[in-house]
Every structure is written in structure tokens, then in C-alpha cells.
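**Student:** Numbered by the numbering used here, the letters in the sequence shown go through residues 8 to 237 in order.
For glycine and all other residues, C-beta sits at the position ideal for the given N, C-alpha and C.
Because the structure is a prediction, the values reported are computed rather than measured.
I have a structure here, written as C-alpha cells, and I will follow up with some questions on it.
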Amino acid sequence: MGILKHCQILHRDISEANILVRRDGTGVHGMLIDFDHAISITDDGYAKHAERTGTVPFMSVSNLENLQPKRTSLDDWESIIYILCWLGTFGWNSDTRPSGSVADLNIASWDGNNVMKIANSKRRDMDSSRTFTEITKGFNPKIAGIRRLANVVEGLRAVLIDNHSHPDLRGAMIIPDSFPEENDSDEEADQYEFKMRPDPFVERAAHWESISERLLAKLETYADKARARM
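Listed below in C-alpha cells is the structure:
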């Protein structure tokens with residue numbers, strides 16, 4: 008949000024390779040680098056162009072599917088959630104790498120060459136707290152404090168995906184808005200025209216500012232708790 012407000016840009020390639028972390032006597036300090044894909048935003052908070060760009064495992068659903076409307080800070084927030092999940096599963100150095108196979112974990116489907124298939128996997132995994140638990144269950148238990156990291160990503164996902172008053176803003180899947188009546192005949196059911204609910208990722212983009220503020224407040228709460236433990 009600081010980069011967005013002060014520089015009027017979206018990073019658009021938030022990834023594990025573009026985050027530097029340093030620990031010293033005063034605490035832990037982080038820096039976001041590599042602004043090669045950064046783009047300026049309009050006064051309304053939308054990126055001026057919406058081409059697909061970034062590092063595949065961390066790209067937002069809208070970015071992968073090249074959806075309209077144009078990108079907002081919610082895409083960068085979504086990338087942060089994916090990065091934290093990735094690090095929680097795969098670690099960041101030889102001491103935190105998993106010892107067994109991770110090929111069967113749901114998160115393995117976040118990488119590859121088929122971007123639409125990856126987007127579908129992320130929609131499935133992000134859709135509810137139940138489906139997202141399948142991701143955090145795969146976190147590497149030998150990483151110190153891993154349960155706290157799981158709590159962080161679960162809390163951020165809830166703010167981004169769940170905690171909205173309007174149902175069109177909740178969830179990650181595009182599902183039918185209604186179904187045939189139970190007493191409909193087979194012929195009536197076969198001819199039923201399904202009406203799909205609006206895409207929640209598109210609907211949330213119009214509320215990017217308020218959702219981003221809530222995400223930042225949530226993250227600051229977690230950061231304060233982490234500082235208190237240091």
C-alpha cells in the first residue's frame with residue numbers, strides 16, 4: 008500500500024526472488040526489489056494496462072486468466088498470500104526444504120505451463136477456508152513457527168475472499184446462481200438455463216481500496232505480534 012500510495016504504481020511481479028529480508032539487532036527488515044514489471048495506476052487505482060505478467064506460481068487469478076477489469080493492488084496482495092504458502096511448503100534454504108516428495112500436494116498445481124489450469128487450481132484452493140486448509144496442511148512441519156505462518160495466510164485469505172457483506176464478493180469459484188427446482192420434470196431440467204454468478208475476483212476489484220486497507224491492518228496486527236515475540 009505504501010508503494011501504491013506514494014509512487015502510484017503496482018509491482019506486478021511480487022515473488023520470493025524479489026523480496027530481500029535481513030535480521031539485525033533491531034529486528035527483521037524487508038525490501039521489495041525488481042520493479043521491471045511495475046506499472047503506473049490511474050487515479051481510480053487501476054493499472055493502465057492488463058497484460059499477463061509475473062512469476063507463475065505467485066500470479067493472481069485475474070493475471071493468469073487475463074481478466075478485466077484492469078489490475079489493482081488486490082492482485083499484489085493475492086501474490087503475497089501465494090508466496091507465503093510457497094515458502095511455508097518449500098522453505099527458503101537447505102535447512103527448511105522438505106525432505107519428502109511434494110508432488111502430490113495441491114500447491115504443486117500452482118506451477119507449470121498451462122496458466123488456465125493453474126488459475127482453476129487457485130480458484131479451487133482459495134474458494135473457502137475448507138479448501139484452503141488443504142494448502143496449509145502441506146506446510147513443512149520442520150520450519151520453526153510454521154503454525155503461526157499458517158494462521159497468517161489463513162487470516163489474509165479470509166479478508167480477501169470471505170469477509171464481505173455482499174455475496175458476490177465472496178468465494179473464488181464461478182458457480183450457477185440458481186438450479187432447477189426439485190419437482191421439475193426431466194425435460195424441464197434438461198432445458199434449464201443456468202445463470203452464472205458474477206466472477207468474485209472481478210467484483211472485488213471495484214472495492215480494491217477498502218479491501219486493501221483491511222488486508223494491511225490484518226498484516227500489521229500479525230507483525231506487531233511477531234515483534235512482541237522477538
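1. Met-66 by DSSP, collapsed to three states: which one?
2. When burial is assigned at 16 or more other CB atoms within 10 Å of the CB, is Ala-196 buried or exposed?
3. Determine the direct distance from the alpha carbon of Met-66 to that of Ile-21, and round the result to whole angstroms.
4. Please name the residue, chosen from Ile-125, Lys-232, Ile-218, Pro-148, that lies closest to Trp-84 on a Cα-to-Cα basis.
5. Taking the alpha-carbon positions, what's the Thr-138 to Asp-43 distance?
6. Would you call His-173 buried or exposed, if buried means 16 or more other Cβ atoms sit within 10 Å of its Cβ?
7. When you compare each of Glu-23, Lys-144, Glu-227 to Pro-64 by their alpha carbons, which one comes out closest?
8. Put Asp-231 into one of helix, strand or coil per three-state DSSP.
9. Return the chain-ordered list of same chain residues with a C-beta closer than 8 Å to the C-beta of Ala-164, the five sequence neighbours on each side being excluded.
10. Would you give the residue range spanned by the alpha helix (DSSP H) that Ile-90 belongs to?
**Tutor:** Taking the coordinates as given:
1. Looking up residue 66 in the sequence shown gives position 59. Coil.
2. Within the sequence shown, numbered from 1, the residue matching residue 196 stands at position 189. Residue confidence is low: Ala-196 scores 48 on pLDDT, short of 50, so the model does not pin down where it sits. No coordinate-derived value is stated.
3. Taking the first residue of the sequence shown as position 1, residue 21 is located at position 14. Taking the first residue of the sequence shown as position 1, residue 66 is located at position 59. The alpha-carbon atoms of Ile-21 and Met-66 are separated by roughly 8 Å.
4. In the sequence shown, counting from the first residue as 1, residue 84 sits at position 77. It is Ile-218.
5. Numbered from its first residue, the sequence shown carries residue 138 at position 131. Numbered from its first residue, the sequence shown carries residue 43 at position 36. Their backbone Cα atoms lie some 34 Å apart in a straight line.
6. Position 166 of the sequence shown, counting from 1, holds the residue named residue 173. Classification for His-173: exposed.
7. Here residue 64 refers to the residue found at position 57 when the sequence shown is read from its first residue. Comparing Cα positions, the closest option is Glu-23.
8. To locate residue 231, count along the sequence shown from 1; it is residue 224. Asp-231: helix per DSSP, three-state reduction.
9. Here residue 164 is taken as the residue at index 157 of the sequence shown, counted from 1. First, the amino acid is wrong: residue 164 is Arg here, not Ala. Take Arg-164, set aside five residues on each side of it, and the residues of its chain with a beta-carbon closer than 8 Å to its own are Ile-88, Met-133, Ser-136, Phe-139, in chain order.
10. Looking up residue 90 in the sequence shown gives position 83. That run of the alpha helix (DSSP H) goes 80-97.
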